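See structure below.
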Amino acid sequence: MAEEARWYVAHTYSGYENTVKATIEKAVENRNMGDLILEVNIPMETVTEVTDNGPKTVERKVFPGYVLVKMVMTDETWHLVRNVRGVTGFVGSGNKPIPLTEAEIASLGVEKKEVVVNYAVGDNVRITDGALESFLGVVEEIDLERQKVRVIVSMFGRETPVELDLDQIESI
């Protein structure tokens, strides 16, 4: 069933996001629905605010008033989430919730896909995706935090640095 799970957006009263998240998680635990409702998430971002006392780092909600729920949509799960105090409904048309697309999930950074890197700095690699597909190059730098790699590619007799995603190259 977990393969059918998709991310849905529940609209909440502003300021109730944490309460809604805790209530959904508690209800899932009490009703043994962990196989249907897999995860509840409130997208957060770290921001540095400059005040009179100097800069301070705070976490704030990216989308106040919204909670993301990864679940298999059934009548039972719909009613569980919809009837939580503080939830006003799902994002979608009428009573039909619309799941987030893969691109939306990736841009929100909700799900991190783990890429196994089987190359190191100095290795010869082949580009497997993008405009420079099938070009050969040498790994110059790997940035795991940003999920990027810099490859030196020889084009038209010149060495050119190219920044790619970790999964766009393969070791040769």
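All letters in the sequence shown, in the order written, are residues 5 to 176 by our numbering.
Heads up, the beta-carbon is just placed ideally off N, CA and C, and yes, glycines get one too.
In this text the structure is predicted, and so the values were computed from the model without any measurement.
Assign residue i to buried or exposed, taking buried as 16 or more other Cβ atoms, counted over all protein chains shown, within 10 Å of its Cβ.
i           : result
residue 178 : In the structure as shown, the chain begins at 5 and stops at 176. Residue 178 is therefore absent and cannot be evaluated.
residue 165 : exposed
residue 54  : exposed
residue 161 : exposed
residue 85  : buried
residue 141 : buried
residue 92  : exposed
When DSSP labels each residue in this structure, what does residue i get in the three-state scheme?
i           : result
residue 145 : strand
residue 169 : strand
residue 51  : strand
residue 138 : coil
residue 28  : helix
residue 45  : strand
residue 86  : helix
residue 23  : helix
residue 175 : strand
residue 34  : helix
residue 109 : helix
Checking 7 Å against the spacing of the C-beta atoms, do residue i and residue j come in under that value?
i           : j           : result
residue 129 : residue 88  : no
residue 69  : residue 16  : yes
residue 59  : residue 112 : no
residue 175 : residue 123 : yes
residue 67  : residue 12  : no
residue 51  : residue 62  : yes
residue 144 : residue 156 : yes
residue 14  : residue 73  : yes
residue 153 : residue 136 : no
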